[in-house]
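Asker:
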Amino acid sequence: MENVKSEYEWITFDPRDRDVGCGFSLEMPLTIRNIQSTKRKFNIRISAVFNQKDDLIEWFIESPLLKTKSVALSPKDNHPLEEDMDIEPRGVRQGILTIVTPKGGYMGDQVTISISIGSEDGINSFNRSIVLKLVPTIVAIKTTVGNEYAVARDLERKSERDKEERSAINREASNEVLAIMSPFEVKGYIFAETMHPDRVSFISKGIRGYKGMVDGAIDLEEIAHYLKPKSVVSGLELGAFVELIDGPFKGEKAKIMSIDTPKEEVTVQLVESMVPIPVTVRAEAIRMLEKKQ
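Under the working numbering, the first residue of the sequence shown carries the number 33, and numbering increases by one thereafter.
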């Protein structure tokens, strides 16, 4: 879509269709210019058409250009918003029009927002409709370094228990965590796909090693390269010293004695044990300390 500024001298506004997550704010700068030499009245009209699972779930429209700074709209409470404003000769009115998506929406819910802006004398007129559709988002979760896999594992378990508890009330309850990724190369963070980031934050509380969530969503392109298959034993060497980061020997130092590439398992020998004990663990359960000299 062309930038509206190139189409209209009197208005700068560029609303676009978007796929967006729950609980996010979409900010759209709006500037209206009175390019005439006389004072004129302008009107803003905003209406919505909903297609969503729960009629009570609300979207919010916010702007300093509106007398009511924040307005809730839903299929059960749906009414056009209208505002008149006087603009002085050669004057300018500008602000941000923000649409806040519902926190509790369902995948595929959507709203069509129609925006009409024009002058009372009929000289200037602008009309646009945009479709906003709710989709899952990817969020980053902070962990203590070395506990990435454990936090991912415990989050999966807690989210499944959360689903079971909610299913007792709502048969259609679904798992709040759609997918979890804990890239071997990333320290102190894991990634989760979800419809409701606030619910993931709630479920994560109490998990050992969880340190909070990063604000905002992660673009899939930012982490797509981690999705390429890569052996977890790549980079490991016989004789290298490692630390066990999961399992009954967590925190122990060990030396790599053998590597089973097909099974992605490593046999290590605990270096501080009185008796040399070979232990076979998953490659994800160790962290390299130093390579063989």
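Just so it is clear, CB atoms sit at the ideal spot from N, CA and C, and this is done for glycine as well. These figures come from a predicted structure and were not determined experimentally.
Figure out for me which residue from 302, 79, 184 has the closest Cα to the Cα of residue 143.
Answerer: As a position in the sequence shown, residue 143 is number 111, starting the count at 1. It is 79 whose Cα lies nearest to the Cα of residue 143.
Asker: Tell me where the beta strand (DSSP E) around residue 89 begins and ends.
Answerer: The residue labelled residue 89 in the question sits at position 57 within the sequence shown. Counting along the chain, residue 89 falls outside any beta strand (DSSP E), and DSSP gives it neither H nor E.
Asker: Kindly provide the ranges of any alpha helix (DSSP H) runs that are 4 or more residues long and lie completely inside the stretch 36-63, ordered along the chain.
Answerer: Here the runs fully enclosed are 36-39.
Asker: Tell me where the alpha helix (DSSP H) around residue 240 begins and ends.
Answerer: Mapped onto the sequence shown, residue 240 falls at position 208. Residue 240 -> no alpha helix (DSSP H), and no H or E assigned at all.
Asker: How should residue 279 be labelled, buried or exposed, when 16 other C-beta atoms within 10 angstroms of its C-beta is the threshold for buried?
Answerer: Here residue 279 refers to the residue found at position 247 when the sequence shown is read from its first residue. Residue 279 comes out exposed.
Asker: In chain order, which beta strand (DSSP E) runs of at least 3 residues are fully inside the stretch 82-139?
Answerer: The qualifying runs are 91-94, 102-105, 113-119, 124-132.
Asker: Among 171, 110, 201, 95, which residue has its Cα nearest to the Cα of residue 128?
Answerer: Within the sequence shown, residue 128 is the residue found at index 96, counting from 1. It is 95 whose Cα lies nearest to the Cα of residue 128.
Asker: Do residue 88 and residue 106 have their CB atoms nearer than 8 Å?
Answerer: The residue you call residue 88 lines up with position 56 of the sequence shown. The residue you call residue 106 lines up with position 74 of the sequence shown. It is a contact, given that the beta carbons lie within the stated cut-off.
Asker: Checking 8 Å against the spacing of the C-beta atoms, do residue 232 and residue 254 come in under that value?
Answerer: Translated into positions along the sequence shown, residue 232 becomes position 200. Translated into positions along the sequence shown, residue 254 becomes position 222. No, the Cβ-Cβ distance between residue 232 and residue 254 is not below 8 Å.
Asker: Within the continuous beta strand (DSSP E) that includes residue 258, where are the two ends?
Answerer: To locate residue 258, count along the sequence shown from 1; it is residue 226. Neither: residue 258 is in no beta strand (DSSP E) and is coded neither H nor E.
Asker: Given 8 Å as the limit, is there contact between the stretch 221-239 and the stretch 283-290, that is, 3 or more CB pairs closer than that?
Answerer: Because the criterion of three Cβ pairs below 8 Å is not met, the stretch 221-239 and the stretch 283-290 do not touch.
Asker: Measure how close the beta-carbons of residue 321 and residue 273 come, nearest whole angstrom, since I'm counting them as under 8 Å.
Answerer: As a position in the sequence shown, residue 321 is number 289, starting the count at 1. As a position in the sequence shown, residue 273 is number 241, starting the count at 1. Contact flag correct, Cβ pair sits at about 5 Å.
Asker: Would you decide whether residue 120 is buried or exposed? Buried here means 16 or more other CB atoms lie within 10 Å of its CB.
Answerer: For the purposes of this step, residue 120 is taken as the residue at position 88 of the sequence shown. Per the 10 Å Cβ criterion, exposed.
Asker: If you draw a straight line from the C-alpha of residue 248 to the C-alpha of residue 56, how long is it?
Answerer: Taking the sequence shown and counting its residues from 1, one reaches residue 248 at position 216. Taking the sequence shown and counting its residues from 1, one reaches residue 56 at position 24. So the two alpha carbons sit approximately 8 Å from each other.
Asker: Considering residue 160, what are the terminal residues of the alpha helix (DSSP H) in which it resides?
Answerer: Counting from 1 along the sequence shown, the entry for residue 160 is found at position 128. It is not in any alpha helix (DSSP H) - residue 160 instead sits in the beta strand (DSSP E) that spans 157-166.
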